[in-house]
Amino acid sequence: MLNGKNIILVGGTGSFGNKLVETVLARYKPSKVIVFSRGELKQYEMAQRFSRAEYRCMRYFIGDVRDLERLHRAFKDVDVVVNAAALKHVPIAEYNPEEAIKTNIMGAMNIVNAAIDAGVEKIINLSTDKASNPINLYGATKLCADKLFIAGNNLVGKQDTAFSVVRYGNVLGSSGSVIPFFRQKCQTGRLPVTDKRMTRFWISLQDGVDFVLDCLERMVGGEIFIPKLPSTSIVDLAKAIAPECEVDMIGIRPGEKLHEVLVPEDEARCTVEHDNHFVIQPDFEFFRRRFKADQYKPVPEGFSYASDTNPWKLDVSQIREILKRNHL
């Protein structure tokens, strides 16, 4: 699928970007893998990691998604775009709304326009469960980004450019996630937990990368792909990480939900189910012609996919096993 292709990973120096590059280089023989991001230090560190002769396809491009001209330059001769660029910290976005809008919304619009102008074949945007029925600014900006990427399919004319979205939950052990935070707080003997009722969806870094690569192969343009994931209570997660610690309830942070939703009830009417994922379908004529509907079945009326009602729940021992398996 990616052999001989030029791939660019936008916002590519984080946990997801490093794992995606590692996986692509192990499985395929791309012509170029371009990492586009703002941070020169992280790019330098990544270049040291992927410095051997077999990584000669690697390229590093300093730039910002807010800069359309720079994106035009970066996307020249690119076949595949994976967008992982975003301001993602919920309380920080609440406090700095203009900055989140500039990156997450205006940046998404720039990527859509630059990709169409460059004739890119496939573009996947990484989204979040917080984009579903959002109550915080981060979720609202990601919902807007999702809409912009899906609508990009209407702007391509006769060229073979397709936009799709991948939406999933919290990534185990990613930078800024609660697991490294709990590990750090273990030393104090007390873990701060927002609310004992809180639940979340979880996906491992490798599973997230594998799902994105699978969606790149499946996509026809316009889909929102959602993997079937386990969920946990935040209290069980704390117990799995540090059973010896006391738990302090500190209250929900600004913009947080008790439970997250990946497929809201309002979108059930256009959602179909596969063995290991769901697809929220767009209302595009070309999509109905290209999509392999016989591989899917409609979800029941009134269906929703939420972390508190998810039938796939992990207990403390299962969480420990997953953390061990992922070296967390």
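According to UniProt numbering, the stretch in the sequence shown is residues 1 to 328, in order.
Idealized CB from N, CA, C, for every residue including glycine.
Just the Cα atoms here: how many angstroms apart are residue i and residue j?
i	j	result
Leu148	Glu246	45 Å
Ile135	Val120	33 Å
Gly189	Met249	14 Å
Tyr305	His259	11 Å
Cys270	Arg52	46 Å
Ala26	Val82	18 Å
residue 344	Gly157	The structure shown does not extend to residue 344, since the chain spans only 1 to 328, so no value can be given for it.
Ile105	Thr141	6 Å
Ser37	Leu213	20 Å
Arg200	Lys88	16 Å
Gly251	Ile123	38 Å
Val299	Arg49	44 Å
Val35	Glu301	42 Å
Met219	Gln206	20 Å
Asp294	Gly169	27 Å
Within the same chain, show all residues whose beta-carbon is closer than 7 Å to that of residue i, passing over the 5 residues directly before and after it, in chain order.
i	result
Gly107	Val65, Arg66, Ala85
Asp160	Glu121
Leu68	Asn110, Asn113, Ala114
Asp117	His72
Is residue i near residue j, with beta carbons less than 8 Å apart?
i	j	result
Arg167	Ile203	no
Phe182	Ala131	no
Gly255	Pro91	yes
Pro230	Leu137	no
Ile234	Leu328	no
Ala162	Asn154	no
Glu40	Ile8	no
Met1	Asn18	no
Glu267	Tyr296	no
Here's a check: name, in chain order, each residue in its chain whose Cβ is nearer than 6 Å to the Cβ of residue i, leaving out the five neighbours to either side.
i	result
Val165	Asn125, Ser127, Asp146, Phe149, Ile224
Asn133	Val261, Pro264
Asn6	Ser31, Lys32, Asp77, Val78, Asp79
Val10	Phe36, Asn83, Ala85
Asn3	Tyr28, Lys29
Got a sec? Which residues, its chain only, sit under 8 Å from residue i by beta carbon, not counting five neighbours each side?
i	result
Tyr55	Leu25
Thr194	Ile234, Met249, Ile250, Gly251, Ile252, Arg253, Glu256
Q) Can you list the beta strand (DSSP E) stretches of 3 or more residues lying completely in the region 171 to 204, in chain order? A) Given a length threshold of 3 residues, each whole run of the beta strand (DSSP E) inside the region 171 to 204 is given here in chain order: 190 to 193, 199 to 203.
Q) Do the region 276 to 288 and the region 236 to 244 meet, that is, are 3 or more Cβ pairs less than 8 Å apart? A) Taking a cut-off of 8 Å for Cβ pairs, the region 276 to 288 and the region 236 to 244 do not touch, as fewer than three such pairs fall below it.
Q: Report the residue ranges of all beta strand (DSSP E) runs contained in full by the region 23 to 85; include only those spanning at least 3 residues, in chain order.
A: Runs found: 32 to 37, 58 to 62, 80 to 83.
Q.
Using a Cβ distance threshold of 8 Å, determine whether the region 169 to 176 contacts the region 265 to 285, with at least three qualifying pairs required.
A. Segments in contact, no.
Q: Could you name each continuous alpha helix (DSSP H) segment of 4 residues or more that falls completely within the region 222 to 296, going from the start of the chain to the end?
A: Those alpha helix (DSSP H) runs which fall completely within the region 222 to 296 and span 4+ residues are 234 to 241, 285 to 290.
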